[in-house]
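First residue of the sequence shown: 18, per our numbering; consecutive thereafter.
Let me begin by presenting the structure, written as structure tokens, before commenting on it.
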Amino acid sequence: MTEPATTWVCFAVREEAAPFRRLVRGGSGVRVLLTGMGAANARGRVAAALQRDPPPAQVISSGFAGGLNPGLRSGALLHAGFSAPETEARLQRLGSQAARFLMSDRIVNSVAEKQALWHQEGADAVEMESGAIQEACRAAGVPCAVLRVVSDPADVPLPLDFNQLLTPDCRIDGRKLAVSLLRSPGKIPELLRFQRQVRFAAERLASALAMLLLAHGSKPPV
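Take a look at the structure:
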């Protein structure tokens, strides 16, 4: 009989999770949970998993975040909610810094919007799931922390307005993406550069997660 996972690591989409999955393939104690994008998907899927399956000792909300703090570059590791001093020290050695995350109900695309949120909210980075995951974990009495990586810095816009490409349930619509690129083929090089950038960010995040979890036998004290 398979033992319950000690740690669940939540990602919104496959692309965020893929490098970490490769690193922990066959390992025990860690479960990768894909939540889907946005608060409603994340809250619903984490809450359902917590009700259905043996609860973990802890949950980590992971994946990409958009930079708001102008001092953060692509690939910067950020964390929040790890209260144990030894884990905080370990994260700092891995190159992560404590940060404040803002949860948004939409993808933040433009430099102007990022700058406005930085001045208005004072958050270091923006993403769409962690607050909802933490809410579901709190209701189940399971500790939850956040470890994410900056995919796009504050001074660089996203190559496309991805909000226009989403389905009602917050998935990227491949047909809409194809139409958008056919209408604006000049965006293709920008999109390819962005894909390389987020692949690098995902690899850096995967390495940090694996080192954090393996160092503690998949159970760092949240």
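Backbone N, C-alpha and C define an ideal beta-carbon position, used for all residues, glycine too.
Just so it is clear, the structure is predicted and the values come from calculations on it, not from any experiment.
Could you check the C-alpha separation between Ala-35 and Ala-59 for me, to the nearest Å?
Here residue 35 is taken as the residue at index 18 of the sequence shown, counted from 1. Here residue 59 is taken as the residue at index 42 of the sequence shown, counted from 1. Each residue's alpha carbon lies about 18 Å from the other.
Name the DSSP beta bridge partners of Cys-277, please?
The question about residue 277 has no answer here: the residues shown for the chain are numbered 18 through 239.
If you compare alpha carbons, which of Pro-72, Val-26, Gly-55, Ser-168 is closest to Gly-84?
Residue mapping note: residue 84 aligns to position 67 of the sequence shown, counting from 1. The option with the nearest alpha carbon to Gly-84 is Ser-168.
Within 8 Å, strictly: CB atoms of Leu-257 and Ala-142
Outside the modelled stretch of the chain, which goes from 18 to 239, sits residue 257, for which no answer is possible.
Cβ neighbour criterion (16 or more within 10 Å) applied to Ile-77
The sequence position of residue 77 within the sequence shown is 60, counting from 1. With 16 or more other Cβ atoms within 10 Å, it is buried.
For the beta strand (DSSP E) that contains Leu-119, what are its first and last residues?
For the purposes of this step, residue 119 is identified with residue 102 of the sequence shown, where counting begins at 1. Element bounds for Leu-119: 118–120.
C-alpha gap between Asp-178 and Ala-129, whole angstroms:
Looking up residue 178 in the sequence shown gives position 161. Looking up residue 129 in the sequence shown gives position 112. When rounded, the distance between both Cα atoms is 13 Å.
In whole angstroms, what is the alpha-carbon distance linking Thr-52 and Leu-199?
Indexing the sequence shown from 1 puts residue 52 at position 35. Indexing the sequence shown from 1 puts residue 199 at position 182. Thr-52 and Leu-199: Cα-Cα distance of roughly 30 Å.
Kindly indicate which residue of Val-239, Ala-65, Val-47, Asn-180 has the alpha-carbon position closest to the one of Cys-161.
Walking along the sequence shown from the start, residue 161 turns up at place 144. Selected option, being the one with the closest Cα: Val-239.
Using only the alpha-carbon positions, how far apart do Gln-181 and Phe-28 sit?
Taking the first residue of the sequence shown as 1, we reach residue 181 at position 164. Taking the first residue of the sequence shown as 1, we reach residue 28 at position 11. Going by the C-alpha atoms only, they are around 22 Å apart.
Do Val-166 and Arg-107 count as a contact pair if the criterion is CB distance below 8 Å?
The sequence position of residue 107 within the sequence shown is 90, counting from 1. The sequence position of residue 166 within the sequence shown is 149, counting from 1. No, the pair does not count as a contact, with Cβ atoms beyond the cut-off.
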